[in-house]
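Chains as they are written, first to last, in my numbering: chain W, 2 to 130; chain E, 39 to 174. From the three backbone atoms N, C-alpha and C, an ideal C-beta is built for every residue, glycine too. What follows is a single structure, written as structure tokens, with notes after it.
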């Protein structure tokens, strides 16, 4: 799903809700995943003026979950460790987006090179673990 | 353009958010509310978010902004009706909504605003009395 404008955020969140409902995820876990997705998609819009998100339902060792892959062609993150810290922001926001999103989902992976864009992959399992 | 309606109820303003806000709508609401506080001299703002299923850091910041701006304009803000799943998520996200009063539902929120209004009024009275005493 392509994200290019802020109006795409709400429909995107609805898609994530659809996927998590389809595997029978509980409301709390849905809310956590959608909030995390919302933070990440907002980052993508703000720092890379948009990008693509792949939504998938995955199964691993009898666990079912939703995997979201956020890929952008933006400027990348120079200091990933710093960006993952609470309260750090280069964009005059609260600095909760990345560390907050990481706390909300089960698996979180961030790959970024300056000038090469950023890819964030998150997985949230049906039962939240 | 779409707008969230703001209702005036006595000395308070009442806002019910019934859809998931996208950013521009949230910013418009922030703006409209502050203007309304200034125009009506409202002493309290009550925001009902019982129909909001997602509060992310942006939405949280808007709520915080409304509270701080209203306070500067001499009005208290109460956010009511937060869904349990939203509360759990907010805390894990690391957002504590500092400076925002909360209540379980609209009724309790109204009570809270009323108490605050009376308290503030009593404080003003006392200060005035103190001043009178000194003048004597």
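I want to see whether chain E comes within less than 8 angstroms of residue i, judged by CB atoms only; does it?
i                      : result
residue 60 of chain W  : no
residue 35 of chain W  : yes
residue 8 of chain W   : yes
residue 39 of chain W  : yes
residue 28 of chain W  : yes
residue 11 of chain W  : yes
residue 25 of chain W  : no
residue 43 of chain W  : yes
residue 87 of chain W  : yes
residue 52 of chain W  : no
residue 14 of chain W  : yes
residue 91 of chain W  : no
residue 98 of chain W  : yes
residue 130 of chain W : no
residue 68 of chain W  : no
residue 22 of chain W  : no
residue 32 of chain W  : yes
Quick one: Cα of residue i to Cα of residue j, how far?
i                      : j                      : result
residue 168 of chain E : residue 159 of chain E : 14 angstroms
residue 102 of chain E : residue 117 of chain W : 35 angstroms
residue 78 of chain W  : residue 137 of chain E : 32 angstroms
residue 71 of chain W  : residue 119 of chain W : 8 angstroms
residue 39 of chain W  : residue 50 of chain E  : 32 angstroms
residue 44 of chain E  : residue 54 of chain E  : 8 angstroms
residue 71 of chain E  : residue 59 of chain W  : 44 angstroms
residue 52 of chain W  : residue 9 of chain W   : 11 angstroms
residue 58 of chain E  : residue 89 of chain E  : 8 angstroms
residue 74 of chain E  : residue 84 of chain E  : 13 angstroms
residue 64 of chain E  : residue 106 of chain E : 16 angstroms
residue 11 of chain W  : residue 18 of chain W  : 11 angstroms
residue 64 of chain W  : residue 141 of chain E : 38 angstroms
residue 139 of chain E : residue 113 of chain E : 12 angstroms
residue 34 of chain W  : residue 164 of chain E : 51 angstroms
residue 122 of chain E : residue 29 of chain W  : 8 angstroms
residue 48 of chain E  : residue 36 of chain W  : 35 angstroms
residue 132 of chain W : residue 127 of chain E : With chain W covering 2 to 130 only, the question about residue 132 of chain W has no answer from this structure.
Please report whether the beta-carbon of residue i lies at a distance below 8 angstroms from any beta-carbon of chain W.
i                      : result
residue 64 of chain E  : no
residue 72 of chain E  : no
residue 123 of chain E : yes
residue 133 of chain E : yes
residue 50 of chain E  : no
residue 99 of chain E  : yes
residue 127 of chain E : yes
Give me the Cβ distance between residue i and residue j, rounded to the nearest whole Å; I'm assuming they're in contact under 8 angstroms.
i                      : j                      : result
residue 91 of chain E  : residue 32 of chain W  : 7 angstroms
residue 115 of chain E : residue 104 of chain E : 6 angstroms
residue 119 of chain E : residue 162 of chain E : Not quite, the Cβ-Cβ distance comes to about 30 angstroms (not below 8 angstroms), so this is no contact.
residue 155 of chain E : residue 81 of chain E  : 5 angstroms
residue 56 of chain W  : residue 20 of chain W  : 5 angstroms
residue 14 of chain W  : residue 2 of chain W   : No, residue 14 of chain W and residue 2 of chain W are not in contact; Cβ-Cβ is about 11 angstroms, not under 8 angstroms.
residue 87 of chain W  : residue 132 of chain E : 6 angstroms
In the DSSP assignment, what residue or residues form a beta bridge with residue i?
i                      : result
residue 44 of chain E  : E:53
residue 64 of chain W  : W:61
residue 113 of chain W : W:119
residue 70 of chain W  : W:55, W:122
residue 3 of chain W   : W:53
residue 108 of chain W : W:124
Fill in: Sequence ranges, alpha helix (DSSP H) only - wholly within the segment 58-107 of chain E, length at least 4
61-78
Worksheet item: Taking the runs of the beta strand (DSSP E) that are 3 residues or longer, which of them lie wholly in the segment 99-148 of chain E?
Response: 114-118, 139-141
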